[in-house]
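Trainee: Below you'll find the structure I mean.
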Amino acid sequence: MSELSIDEWNALNRLSRGETIRRIDGQTVKRLTDIGALRSSGGVIKLSYPAMQLLIERSARIGRARNGNSQTWCS
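Each residue of the sequence shown is one higher than the last, beginning at 1123 in the working numbering.
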């Protein structure tokens, strides 16, 4: 699941923030379902646990990379 397109990554981010699945492109939803990032539970489509982990890990990595350039060092 680590090989996500930019559209798929953006869709996962939007879904994790509560956006409805209807606002996401159908092809992207199908692809995310096929790779296991989305699961259906009781008629409701949700992010899978591995997708949530991936979002957390990558978001943290992006945050560290952004903050890494602005560190101030004190002696």
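Even for Gly, the Cβ is constructed at its ideal location relative to N, Cα and C. Since we're looking at a predicted model, the values are computed, not measured.
(1) Considering Cα atoms alone, identify which of L1126, A1133 and N1189 is closest to K1168.
(2) For R1145, which of helix, strand or coil comes out of DSSP?
(3) Given this structure, state the Cα-to-Cα distance separating R1161 from R1153, to the nearest angstrom.
(4) Would A1159 be called buried (16 or more neighbouring beta carbons within 10 Å of its own) or exposed?
(5) Thinking C-beta only, is L1137 closer than 8 Å to I1128?
Mentor: Considering the structure as presented:
(1) As a first step, residue 1168 is located in the sequence shown; it is residue number 46 there, counting from the start. When each option's Cα is compared against that of K1168, the closest is A1133.
(2) Start at 1 with the first residue of the sequence shown, and residue 1145 comes out as number 23. Three-state result, R1145: helix.
(3) Against the sequence shown, residue 1161 aligns to sequence position 39. Against the sequence shown, residue 1153 aligns to sequence position 31. Each residue's alpha carbon lies about 12 Å from the other.
(4) For the purposes of this step, residue 1159 is identified with residue 37 of the sequence shown, where counting begins at 1. Buried: at least 16 other Cβ atoms inside 10 Å.
(5) Within the sequence shown, residue 1128 is the residue found at index 6, counting from 1. Within the sequence shown, residue 1137 is the residue found at index 15, counting from 1. No, they are not a contact pair.
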